[in-house]
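Each residue of the sequence shown is one higher than the last, beginning at 0 in numbering that gives the first Met the number 0.
Virtual Cβ for every residue (Gly too), placed ideally from N, Cα, C.
Reading through the structure tokens given below for one structure.
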Amino acid sequence: MNGRGSADDGYASFAIFTALKVCQDQGIKLPKITLVLETEEETDSAQLRNLLEQAKDIIGTPDYLICMDSGLVDYKHLWITSSLRGYCEFNLKVACGAQDYHSGEAGGIIPETFNVIRVLLDRLNDPKTGIFKEFQEDIPAWKYEEAKSVVQVVGDQIATKFKMEPGVAYQNTNLEELYLDNVWRPTLAIVGMEGVPNFGAAKNVIRASTSIRVGLRIPPSADPKKIAERIKVLMTTDVPFNAAAEILEEPETGLGWLMKAWEAGDPFKCKLEEISQTYFKSPTFSYGDGASIPFLKELELKYPNTRILALGVLGPGSNAHSKDETLDLNYAKSMICVLADIFKGITTLA
0 MNGRGSADDG YASFAIFTAL KVCQDQGIKL PKITLVLETE EETDSAQLRN LLEQAKDIIG
60 TPDYLICMDS GLVDYKHLWI TSSLRGYCEF NLKVACGAQD YHSGEAGGII PETFNVIRVL
120 LDRLNDPKTG IFKEFQEDIP AWKYEEAKSV VQVVGDQIAT KFKMEPGVAY QNTNLEELYL
180 DNVWRPTLAI VGMEGVPNFG AAKNVIRAST SIRVGLRIPP SADPKKIAER IKVLMTTDVP
240 FNAAAEILEE PETGLGWLMK AWEAGDPFKC KLEEISQTYF KSPTFSYGDG ASIPFLKELE
300 LKYPNTRILA LGVLGPGSNA HSKDETLDLN YAKSMICVLA DIFKGITTLA
């Protein structure tokens with residue numbers, strides 16, 4: 000099924016309602032279940048925080064919290080999200096000339112602002128390798144084991160699920176390292192630009208300024224506020240040609256998240272394994288999601304003794320945030336069954 004928001008994550012409320020109805024139709028005694036919906040798609044969840052505060056007496060302290068906004072690696076297995084990266088986004092403006100000047104008359108005299116930006120960005124990472132000079136966090140041993148497991152299950156699909164132009168190479172030829180680059184290590188993307196005209200409006204001028212919006216994904220265990228403060232220093236100190244470089248507005252940040260380790264013989268984990276065998280004929284697999292759900296960490300801090308389970312239907316071909324976003328209906332049906340059995344299983348574990 001195609002449509003913006005179908006898999007990320009408009010399907011969730013319908014899947015939960017259907018799973019609950021299945022349990023009711025079978026006469027299964029259910030625990031108290033509170034459904035909280037975020038309908039401010041792709042915001043900072045400000046009103047969701049207000050809702051949780053206003054409804055705290057209704058919600059109480061949950062034993063389990065299930066987040067339906069995550070994803071998967073393939074559609075053949077039940078995937079449990081083990082980590083999510085944090086993020087830091089900032090707007091950088093560099094100005095040199097007091098106005099635009101003819102590139103023939105001013106070229107070689109007035110610095111090109113885009114060149115200054117290139118130098119500043121190189122302070123963050125190596126443009127040839129993508130490796131960051133700072134903001135690295137130690138990778139837990141279990142994450143390396145997870146990388147091996149994921150590669151054993153899906154092979155190069157962790158990369159080939161993304162369409163590439165012919166001949167373009169991936170950033171790493173080692174699949175396990177490529178996985179860790181995607182789900183743990185920091186990465187950079189230029190997500191917006193101002194001060195640069197389109198081709199039709201372009202003139203032979205040295206533009207007065209260039210502004211870019213930079214999006215960083217940072218390790219799950221990193222402190223985004225500290226990174227934001229360091230970025231301010233790196234982008235505005237000792238700037239080439241003493242160009243006027245400034246961070247416009249306060250950087251936007253979001254916390255990463257790490258799932259708490261399963262204990263040996265954990266009853267809930269055993270129940271998930273049983274459910275996975277029922278509907279997928281295989282064990283569950285964990286994987287790290289390179290995206291971010293900052294509110295999940297906030298929920299963990301709010302409910303420190305609550306078991307958090309992150310699931311989702313975003314997989315190969317989902318194209319989240321795009322106009323052709325796609326929901327795999329067969330997997331969504333399986334997810335409904337999984338939810339129904341989780342609700343039933345929680346009752347027996349209580």
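For Val337, is the classification buried or exposed, using 16 other Cβ atoms within 10 angstroms of its Cβ as the cut-off for buried?
By the neighbour-count definition (other C-beta atoms within 10 Å, threshold 16), Val337 is a buried residue.
Would you say the beta carbon of Gln25 is closer than 7 angstroms to some non-hydrogen atom of the ligand HEM?
Only the bare structure without any ligand can be found here, which leaves the ligand HEM out of the picture.
Give the secondary structure of Thr347 by DSSP, where H, G and I count as helix, E and B as strand, and everything else as coil.
helix
Name, in chain order, the residues that DSSP records as bridge partners for Asn90.
Arg212, Leu247
To which residues does DSSP link Glu193 through a beta bridge?
According to DSSP, which records beta bridges pairwise, Glu193 is partnered with Ser210.
Rank Ser82, Asp222, Arg117 by C-alpha distance to the C-alpha of Ile292 and give the top, closest one.
Ser82
Given a cut-off of 8 angstroms on the beta-carbon distance, is the pair Ala242 and Ala18 in contact?
no
Note down, in chain order, each residue of its chain lying with its Cβ closer than 8 angstroms to the Cβ of Ile57, except the 5 sequence neighbours on either side.
So the list reads Thr33, once near-sequence residues are dropped.
Ignoring anything shorter than 3 residues or poking outside the region 83-168, list the beta strand (DSSP E) runs there in chain order.
85-94
Given that a residue counts as buried once 16 or more other Cβ atoms are within 10 Å of its Cβ, and exposed if not, what is Ser275?
buried
So Leu310 and Ile65 are supposed to be a Cβ contact under 8 angstroms. How far apart are they, rounded?
7 angstroms
In chain order, what residues of the same chain lie with their CB nearer than 8 angstroms to the CB of Leu177, ignoring the 5 residues before and after it?
Ile157, Ala158, Tyr169, Gln170, Asn171
Taking just the CA atoms, how far does Val312 sit from Met334?
Those two C-alpha atoms are separated by around 8 angstroms.
How about Ser69 and Asp288: do their beta carbons lie closer than 8 angstroms?
yes
I need the straight-line Cα distance from Glu133 to Ile116, nearest angstrom please.
Distance between the alpha carbons of Glu133 and Ile116 is about 18 angstroms.
Assuming Ile307 is part of the beta strand (DSSP E), what are its boundary residues?
306-313
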